[in-house]
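Residue numbers (my numbering): 16 to 82.
All residues carry an ideal CB built from backbone N, CA and C; glycine is no exception.
A short write-up of the structure that comes next.
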Amino acid sequence: MSEKISYTEAFEELQLIVSEIEQGEISVDDLSDKVKRAALLIKICKTKLSTTEEDVSKILKELESEE
């Protein structure tokens, strides 16, 4: 994934896309592009959550070993 976007930015854009789809604001011609973009944003969010979870686990283990 080469795109540099924060979790918050990705999540907000994803919410916007979902809202547009729900409100029927997207033409059939644009729907495929929006769904592809949404899939990319979901992947970005999942990767960032996974990385954060790993980092937090590592920090917690380090703290436990120091006790």
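Taking the Cα of L29 as reference, the smallest distance to any Cα among S47, I57, L46 and S21 is reached at I57.
DSSP places I59 in the uninterrupted alpha helix (DSSP H) bounded by V43 to E81.
Short of 7 Å from the beta carbon of I32, and not among the five residues preceding or following it, lie these beta carbons of its own chain, in chain order: K49, R52 and A53.
If you ignore the 5 residues before and after I20, its C-beta comes within less than 7 Å of the C-beta of I59, all in its own chain and listed in chain order.
A straight-line Cα-Cα distance of about 12 Å links L55 and K63.
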